[in-house]
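Below is one structure, written out as structure tokens; the observations come after it.
2 protein chains.
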Amino acid sequence: MSNDLKLPPKSDFSNWYTEVLFRTAIVDKRITDSRGFYGYPPYGAQILSLLEDLFISELKNTGHFPIRTPTVIPETLLEIEKEHAEGFAPEVWTITHGRDNKELNIKKVLRPTGETIIYSLFSYWVRSHADLPLKIFEVRSVFRAEPNKAVFPLMRTHEFYWIEAHDVQENLSQANKQVSEDIEIFEEVIRNKVGLPFKRLKRPEWDKFAGAIYTCAYDVPLPDGKVLQIGTTHNLGQNFSKAFDIKYEDDDGELKYAYQTCFGPGISRILGAIVSIHGDDNGLILPPAIAPIQIVIIPIPKKDWDKKITEFAEKTFALLEEKFRVYLDNSEVTPGRKFYEWEEKGVPLRVEIGSREVEANKIMLVKRFNREKIKIDFEDMNEKIQEVIDHYPEELLNNVNVELKIDSAVSYDEIIELVEKNTHLIEIPFCDNDDCVEFLKDELNVKVRGVPLFEHGETSVQECEDIATKRAKDKTCIICNERKAKRMIYIARQY
Amino acid sequence: MSNDLKLPPKSDFSNWYTEVLFRTAIVDKRITDSRGFYGYPPYGAQILSLLEDLFISELKNTGHFPIRTPTVIPETLLEIEKEHAEGFAPEVWTITHGRDNKELNIKKVLRPTGETIIYSLFSYWVRSHADLPLKIFEVRSVFRAEPNKAVFPLMRTHEFYWIEAHDVQENLSQANKQVSEDIEIFEEVIRNKVGLPFKRLKRPEWDKFAGAIYTCAYDVPLPDGKVLQIGTTHNLGQNFSKAFDIKYEDDDGELKYAYQTCFGPGISRILGAIVSIHGDDNGLILPPAIAPIQIVIIPIPKKDWDKKITEFAEKTFALLEEKFRVYLDNSEVTPGRKFYEWEEKGVPLRVEIGSREVEANKIMLVKRFNREKIKIDFEDMNEKIQEVIDHYPEELLNNVNVELKIDSAVSYDEIIELVEKNTHLIEIPFCDNDDCVEFLKDELNVKVRGVPLFEHGETSVQECEDIATKRAKDKTCIICNERKAKRMIYIARQY
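Listed below in structure tokens is the structure:
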């Protein structure tokens, strides 16, 4: 095999990442005059759809219904929620001209997120307590005019895919319960289906979503020590219901402002995280749930055996096809070349069929992520492979190429040391003062990520905050070395 | 029931249509400052997804793979295909400002269709004959800056849903074969799955898609005598491959421009057509394939029987749920009110369960479109209902509320008469001259729709043209009454 076929090693993360996305046909950047807007060839588009389906299924199971709303919204809507508008203003693409190149009276913008357009409809849809909880979701792409230098495929782009779920509740306790449901959905998909390590964090006050009473975020570790936010849940309280006049009549006929939450799994970023965390020097490693091809069958030719091997491979394909997404690679190239190419594409399982397999009426199953080999009787095949697939995410999680490294620091020097060791999250006693926030950002390019959520049986977000506060008791902030620490908090470099 | 609950009669088409869409929660127009951009509540969003799924399934079965490409494209791409750009220029939304409200060097536009962005990627994806045919599709919304007065929900809007399939072939004969495949896919979904009458027409030269060598279009009849185009297939020949440099190396190592076709089922418009054609004075009538609820179970209470009826209804629900999308309406309102509401929502089948049904261990099945009643044994239920559902589209098609009325005229006066009788398509001998085209448009608001395709075993589009030419032999154009007729052609008023 010629050397130019080799991927850069994963230790050269940025080059490895863009090259693996391009070679495996997940992302195609070659769109002239359109930096930050990408094409997704069939392999990438299929993975994105399978990933969306995992969330759609969980959202439907928890009583959410799909809706569709416009991509383009009037600028006036953003202005209703001033706080919110200020949050997004610099990042918004603006449409100034319409038909016949005539300037518009009311400018339009490409939606950076769905709150304003969806809540303007909620003001009509919510009438009485019988309409609540109202639970909807939308599958779509959204737009952010990120600075061009920040653009990075899947992780930070001008148009990206996500799902947004918006829920309306009668009171704060129901809203808090919804936050827990969102967290469970995230856990089910991200940990149990695609095997990613992640940390749930309550963002600090100054970094919450504009208009939220608090923001829960989901951060994953990248190979270079940075973390990436791949989703959020915001408890919006009554802030948006007051801005958009979303009121319901309660049991006693009284009109009340509703409570709201929203949940946004970032589909593009989650795929970016899967590629970055699971992949290795040989290419992608896909969890079976999102693999367009879950199993590739590769016949190993042998003199005088070819007809028998071909027949056995076809019989195997026919049986596997009943339950799995499977591909029989009958092409003319060598088995070694096939191994190489399908490993690069991240196909989770490979079935090898040679003369020994035919003779023994068995197949050889090879797991992509650790190359473990398992001999399986032809008759038990579907059942045994189902078991392997069911355990795949858990095994992946226990063998991840990029572990979430968490540590704590008791001095500024220790922070520097840990950052140099590519520690993802560093816990410190912190005073929450602006000066210290700025200092961390300017000196170390490090941001405050918040306090961990629901790690030891806590039953509310407030309780999680209280624990972080209690643990910092009698401690001094290690940045200013002056002020009392308000809480134990995680800091990190971020994408 | 109070009168304000009644829909306008369907004879008052425009009011009936917008009211039925609103009441059944398919479309919500109440977005301030955003005429032509609509919201789709859960009922509408679910129907749109089911409709998309019908096409996605056919496209996958014919070897097409999904891709995703940007919503926003640089204006420079439209300029590459001059002819094409001229076709869309006045209808394009333009983005002039990006981050921090800075004016863009290269303006961006919201894509009115996918050719330019997808073909700029095809120029990289197509290398050798081994890559062909390349068959892809994209599911998305697109944008047209239609004049505000023309806006009409689902049928003509600023953002609408469609699927576009783009295929690349080695030669013209393969491209023509692809056109036939597209027509078959349309036939399968539109006639066999949703039971709509439609006419396949080859559009006249002056009305084909800019850049195509010919355009096939699919027109359906509306209640007011107009026709609506709900999809197109364009044979693009080598026009776009030359503009976008899409070349492949053939068997002999020679570089050749590829041939291309594209196929666009208009999802929004197809739903508009289903509502318009099948619906009646009582509301929607949905074909089972796209109904979010296929069967509604309504218990008919009777003194001393209520517990038994409830149990039987629940047993029925549990059994039906295995195979169908079913809803058990246990609410407190009267059965009459339930009948009314679920009929308005277009649920294709109703199951009534009263004391007689419990006693006989049977259910009463009622078809929405003709109210036919069928008694079915409890044990045979799933099998028998499957049969009813399988025949539903065909029955709908034979009982449509709006039939496609086609007639021919031998004089201008006859055209006027037929137009007044709301005839959808009128066949006339025609000279193709600009003056006559303009005259028809200005005097009768009638447009030339083209010649019928593949109605009598023809094997090519050219053969269909030849028949239309032959049939006009020795005839004079009935508009100018001077020039020789070039062909028999269909004219119609259109949406």
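Protein chains in written order, with this note's numbering: chain Y, 166 to 660; chain W, 166 to 660. Backbone N, C-alpha and C fix where the C-beta goes; we use that ideal spot for every residue, glycine too. None of the values given here were measured: they were computed from a predicted structure.
When DSSP reads this structure, F308 of chain Y sits in a beta bridge with Y:E324. When Cβ-Cβ separations below 8 Å define contact, Q403 of chain W makes no contact with chain Y. At least one beta carbon of chain Y lies nearer than 8 Å to the beta carbon of D193 of chain W. Assigned with DSSP and collapsed to three states, T234 of chain Y falls in coil, not helix or strand.
Residue burial is scored here from C-beta neighbours: R434 of chain W has at least 16 other C-beta atoms within 10 angstroms and is therefore classed as buried.
Between the stretch 450 to 463 of chain W and the stretch 478 to 491 of chain W there are three or more inter-stretch CB-CB distances shorter than 8 Å, so the stretches are counted as touching.
Rounded to whole angstroms, the separation of the alpha carbons of G429 of chain W and V359 of chain Y is 34 Å. Interface with chain Y (8 Å Cβ-Cβ cutoff): I528 of chain W is excluded. Taking the CA atoms as reference points, I474 of chain Y sits about 31 Å from A190 of chain Y.
Within 10 angstroms of the beta-carbon of P386 of chain W lie 16 or more other beta-carbons, which makes it buried. Close to G228 of chain W, with beta-carbon spacing below 7 Å, lies no residue of chain Y; the smallest spacing is near 11 Å. Within its own chain, the residues whose Cβ lies closer than 8 Å to the Cβ of E537 of chain Y, once the five positions on either side in sequence are excluded, are V531, listed in chain order. DSSP places K540 of chain Y inside the beta strand (DSSP E), whose first and last residues are 538 to 542. Using beta-carbon distances, F178 of chain Y does not count as an interface residue toward chain W, since no partner is under 8 Å. Counting other Cβ atoms within 10 Å of its Cβ, H589 of chain Y reaches 16 or more and is therefore classed as buried.
With respect to Y379 of chain W, N400 of chain W sits close: the two C-beta atoms are nearer than 8 Å.
Here the alpha carbons of G201 of chain W and F317 of chain W stand approximately 8 Å from one another. Residues of chain Y with a Cβ closer than 7 Å to the Cβ of G263 of chain W are, in chain order, W258, A310. For secondary structure counted as the beta strand (DSSP E) over 3 or more consecutive residues, the stretch 473 to 539 of chain Y holds these complete runs in sequence order: 491 to 493, 514 to 518, 527 to 532. Burial is judged here by how many other beta carbons sit within 10 angstroms of a residue's own beta carbon; I301 of chain W has at least 16 and is buried.
DSSP, read as helix, strand or coil, puts T380 of chain W in strand.
The three-state secondary structure of F595 of chain Y, taken from DSSP, is strand. Nearest CB-CB separation between T183 of chain Y and chain W: not below the 8 Å threshold. As computed with DSSP, I656 of chain W is found in a beta bridge with W:I591, W:V613. The secondary-structure analysis by DSSP pairs Q394 of chain W across a beta bridge with W:D384. Excluding the 5 residues flanking it on each side, T241 of chain Y has same chain C-beta neighbours closer than 8 Å at I271, in chain order. Around the beta-carbon of T398 of chain W, 16 or more other beta-carbon atoms lie within 10 Å, marking it buried.
The beta carbon of S306 of chain W sits closer than 8 Å to some beta carbon of chain Y. Look at D572 of chain W here: in three-state DSSP terms it is strand.
At a cut-off of 8 Å between C-beta atoms, R233 of chain W counts as an interface residue with respect to chain Y. Between I260 of chain Y and K273 of chain Y, the C-beta gap is smaller than 8 Å, which places the two residues in contact. L361 of chain W sits away from A454 of chain W, with the two beta carbons spaced by 8 Å or more. Per the Cβ contact rule, the stretch 290 to 300 of chain Y is not in contact with the stretch 333 to 349 of chain W (fewer than 3 Cβ pairs under 8 Å).
Counting C-beta pairs closer than 8 Å gives three or more between the stretch 603 to 614 of chain Y and the stretch 577 to 588 of chain Y, which meets the contact rule. A direct Cα-to-Cα measurement between N447 of chain W and R502 of chain W gives close to 13 Å. The straight-line gap separating the alpha-carbon atoms of D218 of chain Y and W327 of chain Y is approximately 12 Å.
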